[in-house]
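Working notes, structure below.
There are 2 protein chains.
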Amino acid sequence: MRPSIKDIARLAGVSTATVSRVLNDSPNVSPRTREKVLQIIRKLNYVPSHTARSLRRERTFSIGLIVPHSADYIFSFPYLNLFIKGLSRGAREKKYHIIFSTEDENIMELYEEFVRKRVVDGMVVVDVSDGDPRVALLSSLKLPFVVVGRPSGVNDYIYVDTANEEGAYEAVKHLLKLGHRKIHFVNGPSHLSVSRQRLKGYLKALEEAGVALDTRFLHQGDFMEETGYTIVKELLNRGDKPDAVFFASDTMAIGGMKAFEESGIQVGVDVSVVGFDDVPAALMVKPSLTTVSQPICDVGYNVARLLIGMIEGEDVKSVVLPTKLVVRESTVGGATVE
Amino acid sequence: MRPSIKDIARLAGVSTATVSRVLNDSPNVSPRTREKVLQIIRKLNYVPSHTARSLRRERTFSIGLIVPHSADYIFSFPYLNLFIKGLSRGAREKKYHIIFSTEDENIMELYEEFVRKRVVDGMVVVDVSDGDPRVALLSSLKLPFVVVGRPSGVNDYIYVDTANEEGAYEAVKHLLKLGHRKIHFVNGPSHLSVSRQRLKGYLKALEEAGVALDTRFLHQGDFMEETGYTIVKELLNRGDKPDAVFFASDTMAIGGMKAFEESGIQVGVDVSVVGFDDVPAALMVKPSLTTVSQPICDVGYNVARLLIGMIEGEDVKSVVLPTKLVVRESTVGGATVE
DNA sequence: TCTCCTGATGTAATCGATTACATTATAAAA
DNA sequence: TTTTATAATGTAATCGATTACATCAGGAGA
């Protein structure tokens, strides 16, 4: 069997209390004793049991992440790997573990399990909406949690988000600068707060440039490729060729590009297209896609940092990270100035 | 505070042992007592502490997954999300949790932590190579583990893999059927066993068709887009236009496609290209990419199933899941028969 | 030398469950 | 009714750490 603290105590000729003090860097241990204990510990390759420590300390040193595998979610948040990478780094720095699960249905059941069984000290909540039952549960049990993405209603909880409004603003400003005026906007589902924020950015850029809003230029999508394709097809079918289209996801933008090309309209020459997210495919399509890149890895890192801060009783504040416009081939082509 | 088993026992007027029996569906509890205890449990919303149970049972009911973020890995295994989804489903069916981490360096340190601290009951090992120190550690501590992908050397441990050889075989057979003879193969790093397997499939298809192997047609890549691009460029620069190229990853295939198009060679018409993996971008590029699809989600599911089986003392066997050739536009074009 | 203080160490309770063993209640058999 | 088998329940040890409190040793100061 793997050694326990008792074995170490026995072999070092001290009590378990002393071993524990050595393990936790307590100051009240004589150098001689400490050395003796450390020697035995090294010899036996002893590492204290995480479970026992958790039980005694009434803390699991773990944070929970449950990813809903709803379509909305996957496409509004394609960078799961990067997010997790950042989250993992942040957790590891503070010696926390991540308990991970994906779930389609019964998500509340899984939440109940994580929370009431005391499997985690805090939760990462993704894809949150108004009146979310997960938030209600966590609040009622006073379990720390951090929301990924900005909640739309009251802001009485901590979140990490990217500057969606500014990102959209920059994208549209870029299109305006190229001389475009008929700039369509294919947004995400309107119930998501990212959608509201991006719309704000779109409107702000137009207003600032003194371009009147044409509501016929606003479309609601769902982040899926097919939807981008369909919306552009419809536009073209009714003879309504835009100067530019700003899509709220790269995936939709790629669908839209296909529709343009099928109609013999060359993206990056006859029309400009901008996406959002900077997914790997944005670089692989031809022409490569101008898009708004989000620091997803940093989002993950900050979520971990804030959440663990909350767990440890610090006073933390929500964070909004900057987005960046990445100009590629889908917009550098000549502009069709009216 | 959240209620403990003692609170339930007190309120129900029984001992903690009886409450525990109710919780664990022990047969020796009278219906009357059971009902009384369950009533209190429901009233207080009591759920037993996972930590306490783990300590007593000397089992954490968790499996560990550490994903190395090395470039090789990411590109040879782009479907992390899907894999995790399957793994998660498998784990949840057996009421296990997944402890997840990503790691660049110090991966052994993290392994030591997971294993010696007894954070997990078993490990999922990805991206394994010959004489892997992780495998050595797990073996020496007798901690159950399952390897994702087939080890190349001795098979004295359990793995879940896809039929890489058969996948490559089908892909090349498809190209041969189209009439291609000069079929180049851009493989992955030769130290990976997937690469060896795919090479085998390539060779087998050629042999079966009576096509002699030209070793100049074999190239070593690294799964990255740029490498695919470079290799094709070099080929074309020395005036060596292939009939078809089979890439060991979609990402390389997409790079290769770019190189062809830049040289005015139309993929799907003048040359055929086949990839491997079926990443989302395979559908988004133009022409869409013919590729070998792997059931990544099932791989994850089976890994969980086997690993938990091992932990619970069952006698489990390695699994190889079938791949599927997905024919798209990059190969349906007319073949350049010699 | 004696007292007092401080630093080092030990004792034992504790976290919240499970479980071997002991005990008691209940029903069947004699 | 008494004996005996069995079902139901309780007692207390246990998993492996942490920690409040007790104790002890040794040095400073009187």
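If you read the protein sequences in the order shown, they are chains A and B. Residue numbers for the first sequence follow this note's numbering, so the first one is -3 and each next one is one higher. Residue numbers for the second sequence follow this note's numbering, so the first one is -3 and each next one is one higher. No residue lacks a Cβ here, since even glycine has one placed at the ideal position from N, Cα and C.
With DSSP as the reference, label residue i as helix, strand or coil.
i	result
residue 183(B)	strand
residue 321(A)	strand
residue 327(A)	helix
residue 332(B)	In this prediction, residue 332(B) has a pLDDT of 43, which is less than 50 and means its spatial position is unreliable; what the coordinates show is noted afterwards. In the structure shown, residue 332(B) sits in coil (DSSP, three-state: anything other than H, G, I, E or B).
residue 14(A)	helix
residue 308(B)	coil
residue 271(B)	strand
residue 96(A)	strand
residue 281(A)	coil
residue 60(B)	strand
residue 118(A)	strand
residue 289(B)	strand
residue 25(B)	coil
residue 375(A)	Outside the modelled stretch of chain A, which goes from -3 to 334, sits residue 375(A), for which no answer is possible.
residue 43(A)	coil
residue 190(B)	helix
residue 315(A)	strand
residue 31(A)	helix
residue 124(A)	coil
residue 50(B)	helix
residue 107(A)	helix
residue 102(A)	coil
residue 84(B)	helix
residue 300(A)	helix
residue 339(B)	Not covered by the structure: residue 339(B). The range shown for chain B is -3 to 334.
residue 196(A)	helix
residue 55(A)	coil
residue 77(B)	helix
residue 276(B)	coil
How would you list, in chain order, the residues of chain B whose beta-carbon sits under 7 angstroms from the beta-carbon of residue i?
i	result
residue 48(A)	51
residue 277(A)	276, 277, 280
Please indicate yes or no: does the CB of residue i lie closer than 7 angstroms to some heavy atom of the ligand NAP?
i	result
residue 320(A)	For the ligand NAP, the structure offers nothing, since it holds no ligand at all.
For residue i, return the contacting residues in chain A, with the cut-off set at a CB-CB distance below 8 angstroms.
i	result
residue 41(B)	112
residue 352(B)	Nothing can be reported for residue 352(B): it is not among the residues displayed for chain B, which extend from -3 to 334.
residue 170(B)	Those within 8 angstroms of residue 170(B) in chain A number zero; the least Cβ separation is about 23 angstroms.
Starting from the beta carbon of residue i, find every residue of chain B whose beta carbon is closer than 8 angstroms, and list them in chain order.
i	result
residue 45(A)	51, 113, 114
Name, please, each residue of chain A whose Cβ falls closer than 9 angstroms to the Cβ of residue i.
i	result
residue 180(B)	Going along chain A, no residue has its Cβ under 9 angstroms from residue 180(B), so there is no contact; the nearest lies around 21 angstroms.
residue 12(B)	Chain A residues near residue 12(B): none, gap ~16 angstroms exceeds 9 angstroms.
residue 319(B)	Within 9 angstroms Cβ-Cβ: nothing; residue 319(B) doesn't reach chain A, min ~22 angstroms.
At 9 angstroms on the CB atoms, spell out the chain B contacts of residue i, in chain order.
i	result
residue 56(A)	46, 47
residue 76(A)	76, 77, 80
Which chain A residues are close to residue i, counting only those with a beta carbon under 7 angstroms from its beta carbon?
i	result
residue 81(B)	65, 98
>> Please identify, using Cβ separations under 8 angstroms, the residues of the region 283 to 314 of chain A that lie next to chain B, in order along the chain.
In response: Here the close residues number zero.
>> Quick check for students: name the residue ranges of the alpha helix (DSSP H) that lie wholly in the region 201 to 264 of chain B, counting only runs of 4 or more.
In response: You should have 221 to 233, 246 to 258.
>> If we require 3 or more residues per run, which beta strand (DSSP E) segments fall completely within the region 129 to 185 of chain B?
In response: For the region 129 to 185 of chain B, whole beta strand (DSSP E) runs of length 3 or above, ordered along the chain, are 141 to 144, 155 to 158, 179 to 183.
>> Would you call the region 129 to 140 of chain A in contact with the region 126 to 143 of chain B, where contact means no fewer than 3 C-beta pairs closer than 8 angstroms?
In response: Contact fails: fewer than three Cβ-Cβ distances are below 8 angstroms.
> Does the region 109 to 127 of chain B come within contact of the region 56 to 63 of chain B, defined as at least 3 CB pairs closer than 8 angstroms?
Replying inline: With three or more CB-CB distances shorter than 8 angstroms, the region 109 to 127 of chain B counts as touching the region 56 to 63 of chain B.
>> Please identify, using Cβ separations under 8 angstroms, the residues of the region 204 to 237 of chain A that lie next to chain B, in order along the chain.
In response: Here the close residues are 221.
>> I want to know whether the region 266 to 276 of chain B touches the region 202 to 210 of chain B - three or more CB-CB distances under 8 angstroms.
In response: With the cut-off at 8 angstroms, the region 266 to 276 of chain B and the region 202 to 210 of chain B do not touch.
> For the 8 angstroms Cβ check, are there 3 or more pairs between the region 85 to 100 of chain B and the region 20 to 40 of chain A?
Replying inline: Touching, no, given that fewer than three Cβ pairs across the two stretches are closer than 8 angstroms.
>> Counting only Cβ-Cβ distances shorter than 9 angstroms, please list the residues of the region 15 to 27 of chain A near chain B, keeping chain order.
In response: Answer set for the region 15 to 27 of chain A: empty.
> If contact means a Cβ-Cβ distance below 8 angstroms, which residues of the region 249 to 263 of chain A contact chain B?
Replying inline: Within the region 249 to 263 of chain A, the residues whose Cβ lies closer than 8 angstroms to some Cβ of chain B are 250, 254, 257, listed in chain order.
> Using Cβ-Cβ distances below 7 angstroms, what residues of the region 125 to 138 of chain A are close to chain B?
Replying inline: So the list is empty, because no residue satisfies the distance condition.
> Any contact of the region 77 to 90 of chain B with the region 291 to 304 of chain B, i.e. 3+ C-beta pairs under 8 angstroms?
Replying inline: Judged by Cβ distances under 8 angstroms, the region 77 to 90 of chain B makes contact with the region 291 to 304 of chain B, as three or more pairs qualify.
> Is the region 19 to 29 of chain B touching the region 192 to 206 of chain A in the sense that three or more CB pairs, one from each, lie closer than 8 angstroms?
Replying inline: Flag = no, the region 192 to 206 of chain A and the region 19 to 29 of chain B do not touch.
> If you pair each beta-carbon of the region 303 to 321 of chain A with each one of the region 141 to 161 of chain A, do three or more pairs fall below 8 angstroms?
Replying inline: The region 303 to 321 of chain A and the region 141 to 161 of chain A touch, with no fewer than 3 CB-CB distances between them shorter than 8 angstroms.
>> Closer than 8 angstroms is the cut-off here; do at least three beta carbon pairs connect the region 281 to 289 of chain B with the region 43 to 50 of chain B?
In response: Too few Cβ pairs lie closer than 8 angstroms, so no.
> So does the region 304 to 312 of chain A actually touch the region -1 to 15 of chain B, counting three or more Cβ pairs closer than 8 angstroms?
Replying inline: No, the region 304 to 312 of chain A is not in contact with the region -1 to 15 of chain B.
> Is the number of C-beta pairs between the region 250 to 262 of chain A and the region 225 to 239 of chain A that are closer than 8 angstroms three or more?
Replying inline: Yes: the two stretches touch, three or more of their Cβ pairs being nearer than 8 angstroms.
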